[in-house]
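The numbering of the sequence shown is numbering that gives the first Met the number 0, which starts it at 0 and goes up by one.
Read through the structure below, which is laid out as structure tokens, and then see the notes.
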Amino acid sequence: MTDFIGKLRGIVGERGLITEEDAKHPYLTDWRDNYLGTALAVVRPGTTEEVAAVVGLCIDDKVAVVPQGGNTGMMGGGTPHRDGREIVLSLNRMNRVIEVDAIGYTMTVEAGVILKTIQDRAAEHDRLFPLSLAAEGSCTIGGNLSTNAGGVQVLQYGNARQLVLGLEVVTPQGEIWNGLRALKKDNTGYDLRDLYLGAEGTLGIITKAVLKLWPKPKDVATAWTAVRDPQAAVTLLSGAHAASEDNVTSCELMARQGIDFVLKHNPGATDPLTERHDWYVLLEWSSTRSRRAGDNATGLAEKMEAYLGEAMESGLVVDAAIAQNEAQARAFWALRENHTESQKREGPSIKHDISVSVSKIPAFMTEGLQAMKRVLPECRPVPFGHVGDGNIHFNCMAPAGWDRARFAPHIEPISAAVYDLVVAHGGSISAEHGIGQLKVDELAHYRSRVELDTMRAIKRALDPQNLMNPGKIVRI
Ligand code: FAD
Ligand code: 2HG
Ligand code: ZN
Numbered sequence: 000m001t002d003f004i005g006k007l008r009g010i011v012g013e014r015g016l017i018t019e020e021d022a023k024h025p026y027l028t029d030w031r032d033n034y035l036g037t038a039l040a041v042v043r044p045g046t047t048e049e050v051a052a053v054v055g056l057c058i059d060d061k062v063a064v065v066p067q068g069g070n071t072g073m074m075g076g077g078t079p080h081r082d083g084r085e086i087v088l089s090l091n092r093m094n095r096v097i098e099v100d101a102i103g104y105t106m107t108v109e110a111g112v113i114l115k116t117i118q119d120r121a122a123e124h125d126r127l128f129p130l131s132l133a134a135e136g137s138c139t140i141g142g143n144l145s146t147n148a149g150g151v152q153v154l155q156y157g158n159a160r161q162l163v164l165g166l167e168v169v170t171p172q173g174e175i176w177n178g179l180r181a182l183k184k185d186n187t188g189y190d191l192r193d194l195y196l197g198a199e200g201t202l203g204i205i206t207k208a209v210l211k212l213w214p215k216p217k218d219v220a221t222a223w224t225a226v227r228d229p230q231a232a233v234t235l236l237s238g239a240h241a242a243s244e245d246n247v248t249s250c251e252l253m254a255r256q257g258i259d260f261v262l263k264h265n266p267g268a269t270d271p272l273t274e275r276h277d278w279y280v281l282l283e284w285s286s287t288r289s290r291r292a293g294d295n296a297t298g299l300a301e302k303m304e305a306y307l308g309e310a311m312e313s314g315l316v317v318d319a320a321i322a323q324n325e326a327q328a329r330a331f332w333a334l335r336e337n338h339t340e341s342q343k344r345e346g347p348s349i350k351h352d353i354s355v356s357v358s359k360i361p362a363f364m365t366e367g368l369q370a371m372k373r374v375l376p377e378c379r380p381v382p383f384g385h386v387g388d389g390n391i392h393f394n395c396m397a398p399a400g401w402d403r404a405r406f407a408p409h410i411e412p413i414s415a416a417v418y419d420l421v422v423a424h425g426g427s428i429s430a431e432h433g434i435g436q437l438k439v440d441e442l443a444h445y446r447s448r449v450e451l452d453t454m455r456a457i458k459r460a461l462d463p464q465n466l467m468n469p470g471k472i473v474r475i
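Below, the structure is given as structure tokens:
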């Protein structure tokens with residue numbers, strides 16, 4: 000390996016290279032401070048051709064490549080190993096929106112574009128890019144596609160996988176695959192696009208994407224409701240599909256414990272309801288049908304009010320507030336979106352990003368809460384999340400005042416109890432955050448030999464030298 004750094008500099012220039020330890024540091028750790036790795040350099044190419052040339056150099060010098068976007072991932076997938084011969088390849092300079100095709104409802108972007116920029120550019124054209132998550136101001140579309148991100152509108156629009164038409168990818172051989180096709184129909188053999196989506200950078204580097212757009216909703220109704228229990232939440236959602244004329248775009252469940260943390264760590268936040276309740280649902284309905292002055296047809300807010308009125312009479316809903324304006328809706332959403340940050344401030348926690356079928360949520364919740372308490376009675380469960388997708392962040396906070404070292408021996412038994420139950424209910428141990436380096440052993444434990452062998456075969460076929468984000472998802 001002669002003058003590897005010098006050759007990198009020759010490809011990406013001074014601007015695209017970080018070698019100084021302090022400057023490298025933010026790229027070598029994850030936001031949860033779970034991991035701290037090392038890297039020969041952080042490389043920030045400005046074009047796809049530069050990405051390909053960097054990968055080519057890494058092949059020659061047998062250096063592994065860890066792709067990174069906004070570094071908001073939950074699983075340490077974008078963090079290099081402590082003892083590897085790796086570079087971090089950050090896409091953060093490849094941040095151009097290349098084209099918005101409002102007629103064709105598509106947008107073509109480079110991988111390093113921040114998700115919020117994509118949403119805003121779509122809105123400027125009266126279009127919607129529906130991927131929405133609390134990290135949207137920092138995460139990149141390349142990271143979203145590589146983790147097949149979910150977020151708060153999946154039940155209406157689907158995961159990231161469903162929001163993309165075409166990709167451009169730099170392969171582990173340093174070649175450029177141009178699959179930037181804006182085609183709704185394309186049955187030409189194996190679907191390479193679907194292989195790279197959700198691959199967490201282990202099969203190649205996504206450099207560009209053609210995204211799908213939708214019409215921008217004109218009528219949005221948002222309610223903050225207190226519900227009796229998770230069973231009531233699921234029943235409320237089930238009826239809401241018809242009551243809203245199939246316009247449910249979000250249905251987020253939260254336990255009181257999570258709200259308490261948000262109120263504690265965000266001094267401006269307030270509880271929309273006067274009484275304390277055990278469970279809350281944030282329900283949002285959106286429609287592209289606009290309401291004009293003189294229009295006699297009922298809008299979504301009226302429909303929602305009628306529906307929640309019935310739900311209160313039947314005892315499903317205990318109390319509710321419908322947002323009267325956008326500011327109120329944003330305040331409801333802030334209570335939901337600040338869960339992650341507030342839990343970080345509260346102390347150490349275990350994240351269980353699980354899914355079961357929606358109708359199994361109530362039974363899973365009851366049994367899961369008991370299971371965690373059986374292992375560590377003083378633990379503080381904080382279940383919340385995308386109940387409309389059957390995806391709950393079944394998180395477990397350490398007992399108040401405990402530090403990481405004291406909590407550490409309890410993590411494995413608590414997670415095992417939760418994941419065993421998830422699998423018994425036919426669910427998934429990672430609904431939307433992926434595997435990264437955190438869940439490699441769990442994946443190997445909970446998925447079948449056939450599934451793992453197939454995954455390893457794909458990895459070996461596409462990346463025989465194991466240079467593309469090695470040790471993430473599966474070890475080969
Ligand atoms: P990174 O963290 O940089 O990388 C993630 C993985 O993708 C890594 O394995 C990395 O190697 C790989 N990668 C990144 N870019 C590329 C590329 N161009 N080509 C190939 N591989 C690449 N996730 C959800 O699904 N739903 C949520 O609701 C949600 N909410 C969140 C809320 C908060 C407050 C935070 C901090 C995170 C949340 N996340 C959520 C997790 C995270 O934001 C997503 O996983 C996001 O998609 C990661 O994007 P990123 O650009 O930060 O990727
Ligand atoms: C969310 O839904 C994210 O807000 C983060 O997926 C979940 O903090 C978490 O566990
Ligand atoms: Zn989530």
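Just so you know, even glycine gets a beta-carbon here, dropped at the ideal spot from N, CA and C.
Owing to the predicted nature of the structure, the values given are computational and were not obtained by experimental measurement.
Query                                                                                                                                                                                            : Result
Output the distance between the C-alpha atoms of residue 28 and residue 125, rounded to the nearest integer angstrom.                                                                            : 38 Å
Between residue 79 and residue 65, is the Cβ-Cβ spacing less than 7 Å?                                                                                                                           : yes
Please determine whether the Cβ atom of residue 350 lies at a distance below 6 Å from any heavy atom of the ligand FMN.                                                                          : For the ligand FMN, the structure offers nothing, since it holds only the ligand FAD, the ligand 2HG and the ligand ZN.
Please say whether residue 218 and residue 88 have beta carbons closer to each other than 7 Å?                                                                                                   : no
Under the three-state reduction of DSSP, which class applies to residue 215: helix, strand or coil?                                                                                              : coil
Tell me residue 257's beta-bridge partners as DSSP assigns them.                                                                                                                                 : None, per the DSSP bridge assignment.
Identify, in the order they occur along the chain, each residue of the same chain with its Cβ nearer than 7 Å to the Cβ of residue 443, setting aside the five sequence neighbours on each side. : 451
So if DSSP puts residue 67 in a beta bridge, which residue, or which two residues, is it bridged to?                                                                                             : 89
Alpha carbon to alpha carbon, how far is residue 67 from residue 165?                                                                                                                            : 20 Å
Specify, as a first and last residue, the run of the alpha helix (DSSP H) that residue 443 falls within.                                                                                         : 439-445
Anyone know if the C-beta pair for residue 428 and residue 472 falls short of 7 Å?                                                                                                               : no
From residue 340 to residue 423, what distance separates their C-alpha atoms?                                                                                                                    : 31 Å
What would DSSP say about residue 204, mapped onto helix, strand or coil?                                                                                                                        : strand
Does at least one heavy atom of the ligand FAD sit under 6 Å from the Cβ of residue 258?                                                                                                         : no
Is it the case that the Cβ atoms of residue 426 and residue 381 are separated by a distance below 7 Å?                                                                                           : no
For residue 95, name the three-state secondary structure that DSSP assigns.                                                                                                                      : coil
Going by the C-beta, is residue 384 closer than 6 Å to any heavy atom of the ligand ZN?                                                                                                          : yes
Which word fits residue 249, buried or exposed, when buried means at least 16 other C-beta atoms lie within 10 angstroms of its C-beta?                                                          : buried
Whole angstroms are fine: how far does the CA of residue 42 sit from the CA of residue 7?                                                                                                        : 8 Å
Please classify residue 97: is it buried, with 16 or more other beta-carbons within 10 angstroms of its beta-carbon, or exposed?                                                                 : exposed
If distances are taken between C-alpha atoms only, which option among 287, 333 and 303 comes closest to residue 264?                                                                             : 333
Give the DSSP bridge partners of residue 394, in chain order.                                                                                                                                    : 381
Looking only at its own chain, which residues have a Cβ that is under 7 Å from the Cβ of residue 349, when we skip the five neighbours before and after it?                                      : 394, 395, 410, 413 and 414
Around the C-beta of residue 418, are 16 or more other C-beta atoms found within 10 angstroms, so that it is buried, or is it exposed?                                                           : buried
With a threshold of 8 Å on Cβ separation, who are the neighbours of residue 405 within its own chain once the five nearest residues in sequence on each side are excluded?                       : 397
Which partner residues does residue 225 have in the DSSP bridge list?                                                                                                                            : 279 and 318
Would you decide whether residue 266 is buried or exposed? Buried here means 16 or more other CB atoms lie within 10 Å of its CB.                                                                : exposed
Do residue 387 and residue 236 have their C-beta atoms within less than 7 Å of each other?                                                                                                       : yes
Hey, is residue 333 close to the ligand 2HG, as in C-beta under 6 Å from one of its heavy atoms?                                                                                                 : no
Which residue's Cα is closest to the Cα of residue 416: 93, 390, 461 and 364?                                                                                                                    : 364
Using a Cβ-based criterion (distance less than 6 Å to any ligand heavy atom), does residue 365 qualify as near the ligand FAD?                                                                   : no
Measuring only the C-alpha atoms, how far is residue 440 from residue 246?                                                                                                                       : 39 Å
Is the shortest distance between the beta-carbon of residue 175 and the beta-carbons of chain D less than 7 Å?                                                                                   : This model lacks chain D altogether, as it is built from one protein chain only.
Taking the alpha carbon of residue 157 as the point to measure from, which residue in 144, 244 and 136 has its own alpha carbon closest?                                                         : 144
Is it true that the CB of residue 105 sits closer than 7 Å to the CB of residue 181?                                                                                                             : yes
The alpha helix (DSSP H) spanning residue 30 covers which residue range?                                                                                                                         : It is not in any alpha helix (DSSP H) - residue 30 carries neither H nor E in the DSSP assignment.
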